[in-house]
Amino acid sequence: MIILGIETSCDETGVGIIELDAAGNMTILADVVASSMEQHARFGGVVPEIASRAHLESLQPVMQEALAKANVTVPDAVAATVGPGLAGALLVGASAAKAYAAAWDVPFYGVNHLGGHVAVANLEGETLPHSVALLVSGGHTQLLEVQAVGKPMKELGATLDDAAGEAYDKVARLLGLGYPGGPVIDKLAKTGDKAAINFPRGLSKAEDLRGKHRHDFSFSGLKTAVARYVEQAERDGRVISIPDVCASFQEAVCDVLSAKAIRACQDTGAKVLLLGGGVAANSRLRELCQRRCTSAGIELRVPRFSLCTDNGVMIAAVTAQLIHEGAGPSSLSVGTDSSLEVEIPQLING
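With the UniProt record's numbering, the residue at position 289 of the sequence shown is 289, and numbering never jumps.
Right, here's the structure in full:
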């Protein structure tokens with residue numbers, strides 16, 4: 001069975017095609033992504049209207065390239081992200097998927113974007129067991145308890161303000177490093193002293209860890225602390241070491257992310273930590289997660305980078321799992337939901 005997935009929840013236009021065999025094994029036939037990142041750079045972050053227009057412009061050529069790479073004329077099913085994400089961006093992808101499904105006379109599946117990030121784990125080898133997923137990007141910072149791919153997930157914690165990737169972008173803009181902030185801060189941090197500045201660790205005090213925010217995140221205060229440090233240094237006439245600021249900021253982010261992820265695994269009894277989202281490419285986050293997972297007897301799984309960021313393959317993968325388990329298609333009247341909750345089933349029927 002050939003399944004085509006469309007992903008347009010933010011600034012990447014992705015079309016992925018996979019083949020599902022009778023045993024449930026999946027093979028990637030095509031993975032094509034067009035990013036509108038450069039169009040957002042001068043604004044220092046994603047502009048929803050620009051993202052929506054970029055999807056309209058990119059979707060047809062991306063679709064044609066994916067079909068050509070997979071040597072597929074008509075797939076057996078079409079799936080699309082229906083939430084969460086940017087409202088206009090979601091509408092472009094879901095509407096296109098429904099139109100393709102109707103034109104090809106094949107079933108349409110509307111699925112949860114976050115379930116797609118988890119589903120890529122099944123493309124990397126062994127089936128994903130009871131796990132905790134740490135999804136970190138410019139739009140998401142969440143800890144999810146996962147029983148299996150395609151099953152409803154439980155949100156253990158999430159950011160109360162800025163997402164981790166968003167904090168990277170804002171700090172990079174503050175330091176004059178451009179957009180996106182993640183790669184350049186990670187690069188500069190390697191030449192800096194991560195202990196040079198003791199930036200705060202949000203929601204990591206004893207009272208936070210004992211209370212309702214045990215698994216939650218907050219990066220707004222950290223971003224403000226970086227701004228105040230820079231302002232004070234300028235007032236004092238001190239030369240600022242950009243690598244030291246980057247390293248110290250990154251250490252604060254990755255320390256909290258990895259520590260809370262391990263704590264979530266221990267609290268739930270999960271023996272696997274799955275790392276996903278664009279920030280999963282961060283070298284320090286991977287290093288700290290691996291070190292702490294090894295110490296705690298937890299297996300760390302990190303899909304290859306192309307599958308960590310938003311892509312159509314992940315949407316096709318979660319759909320393939322649902323189809324393999326006997327799920328029927330969505331209605332063509334199903335709507336998009338920019339704030340779709342993670343706890344609901346991964347297949348959206350209406």
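Ideal placement from N, C-alpha and C gives every residue a C-beta, glycine not left out.
Starting from the C-beta of residue i, find all residues in its chain whose C-beta is less than 8 Å away, skip the five residues before and the five after it, and write them out in chain order.
i	result
Asp161	Ser218, Phe219 and Ser220
Glu299	Lys271, Val272, Leu273 and Cys293
Glu49	Gly88
Looking only at its chain, what residues have a beta carbon closer than 6 Å to the beta carbon of residue i, apart from the 5 residues adjacent to it on each side?
i	result
Thr8	His55, Ala89, Val92 and Gly93
Glu251	Lys194
Ala296	Ile262
Gly24	His324
Gly326	none
Ala281	Phe305
Val146	Val118, Ser131, Ala133 and Met153
Ala87	Ser338
Lys190	none
Leu307	Val120
Ile74	Reading off the sequence shown, one finds Val at residue 74, where the question assumed Ile. Only Trp104 meet the Cβ criterion.
Using the Cα positions of residue i and residue j, report the straight-line distance between them to the nearest angstrom.
i	j	result
Val132	Val111	20 Å
Gly178	Glu166	13 Å
Leu135	Arg286	13 Å
Ala51	Ala34	11 Å
Cys289	Phe305	16 Å
Leu114	Val342	7 Å
Arg291	Gln60	43 Å
Ala317	Asp21	12 Å
Val72	Gly5	13 Å
Thr27	Val313	10 Å
Gly138	Ala163	6 Å
Leu322	Ser248	43 Å
Ser204	Tyr168	19 Å
Gly192	Ile185	10 Å
Leu188	Gly182	10 Å
Ala172	Met37	15 Å
Ser58	Glu207	48 Å
Leu128	Gln232	48 Å
Leu144	Ala103	37 Å
Leu347	Val334	11 Å
His215	Gln142	9 Å
Leu275	Arg301	6 Å
Asn349	Gly150	14 Å
When the Cα of residue i is compared with those of the options, which residue comes out closest?
i	options	result
Gly116	Trp104, Pro152, Ser36 and Arg238	Pro152
Lys212	Ala172, Gly237, Thr159 and Gln232	Thr159
Val32	Pro48, Gly24, Glu49 and Glu12	Glu12
Ile2	Ser241, Thr319, Gly138 and Asp208	Thr319
Arg284	Ile262, Cys254 and Leu273	Cys254
Thr224	Asp208, Arg201 and Ala206	Arg201
Thr10	Val184, Ser338 and Asp244	Per the sequence shown, residue 10 should be read as Cys rather than Thr. Comparing Cα-Cα distances from Cys10 to each of Val184, Ser338 and Asp244, the minimum goes to Ser338.
Gly176	Lys154, Pro243, Leu209 and Glu145	Pro243
Gly16	Glu57, Val279, Met63 and Ile197	Met63
Ile197	Arg301, Arg214, Asp310 and Cys246	Cys246
Leu340	Ala30, Val334, Ala206 and Gly85	Gly85
Gly157	Lys260, Arg301 and Glu49	Lys260
Gly14	Val230, Ile315 and Ile348	Ile315
Leu222	Ala30, Gly150, Lys170 and Asn311	Lys170
Leu209	Ser95, Val256, Phe199 and Ala30	Val256
Could you spell out the range, first to last residue, of the beta strand (DSSP E) harbouring residue i?
i	result
Lys98	Where Lys98 is concerned, there is no enclosing beta strand (DSSP E), although the alpha helix (DSSP H) it sits in stretches over Ala87 to Trp104.
Ile2	Ile2 to Glu7
Ala252	Note, Ala252: premise wrong, no beta strand (DSSP E); alpha helix (DSSP H) at Ile242 to Thr268.
Ser131	Ser131 to Val136
Ala158	Lys154 to Ala158
Glu231	Glu231 -> not in any beta strand (DSSP E); alpha helix (DSSP H) instead, spanning Ser220 to Asp236.
Ala80	Ala77 to Gly83
Arg201	Note, Arg201: premise wrong, no beta strand (DSSP E); not H, not E.
Arg214	Taken as a continuous stretch (DSSP letters only), Arg214 belongs to no beta strand (DSSP E), as it is neither H nor E.
Looking only at its chain, what residues have a beta carbon closer than 7 Å to the beta carbon of residue i, apart from the 5 residues adjacent to it on each side?
i	result
Phe108	Val78, Ala97, Lys98, Ala101, Pro329, Ser330 and Leu332
Ala227	Leu174
His140	Ala163 and Gly277
Asp76	Met1, Ile2, Ile3 and Val106
Glu155	Gln142, Leu144, Val342 and Glu343
Phe199	Leu222, Ala225, Val226, Ser248, Phe249 and Ala252
Val279	Val136, Ser137, Ala164, Gly165, Gly182 and Leu285
Just to check, is the beta-carbon of residue i closer than 7 Å to a non-hydrogen atom of the ligand FMN?
i	result
Ala89	Of the ligands one can find in the structure shown there are none, so the ligand FMN has no counterpart to examine.
Between which two residues does the alpha helix (DSSP H) holding residue i run?
i	result
Phe305	Phe305 to Cys308
Arg210	Ala206 to Arg210
Thr294	Ser283 to Ala296
Met37	Met37 to His40
Thr319	Gly312 to His324
Leu67	Pro48 to Ala70
Ile185	Gly181 to Ala189
Leu20	It is not in any alpha helix (DSSP H) - Leu20 instead sits in the beta strand (DSSP E) that spans Glu12 to Leu20.
When the cut-off is 8 Å and only beta carbons count, does residue i lie next to chain B?
i	result
Phe219	You won't find chain B in this structure, because it holds only one protein chain.
At least three beta-carbon pairs within less than 8 Å, the stretch 78 to 86 to the stretch 258 to 270:
No, they do not touch.
The stretch 36 to 45 / the stretch 63 to 75 touching (three or more Cβ pairs under 8 Å)
The stretch 36 to 45, when compared against the stretch 63 to 75, does not touch it at the 8 Å Cβ threshold.
Contact between the stretch 119 to 128 and the stretch 236 to 244: three or more CB pairs below 8 Å?
With a cut-off of 8 Å on Cβ pairs, the stretch 119 to 128 is not in contact with the stretch 236 to 244, counting fewer than three such pairs.
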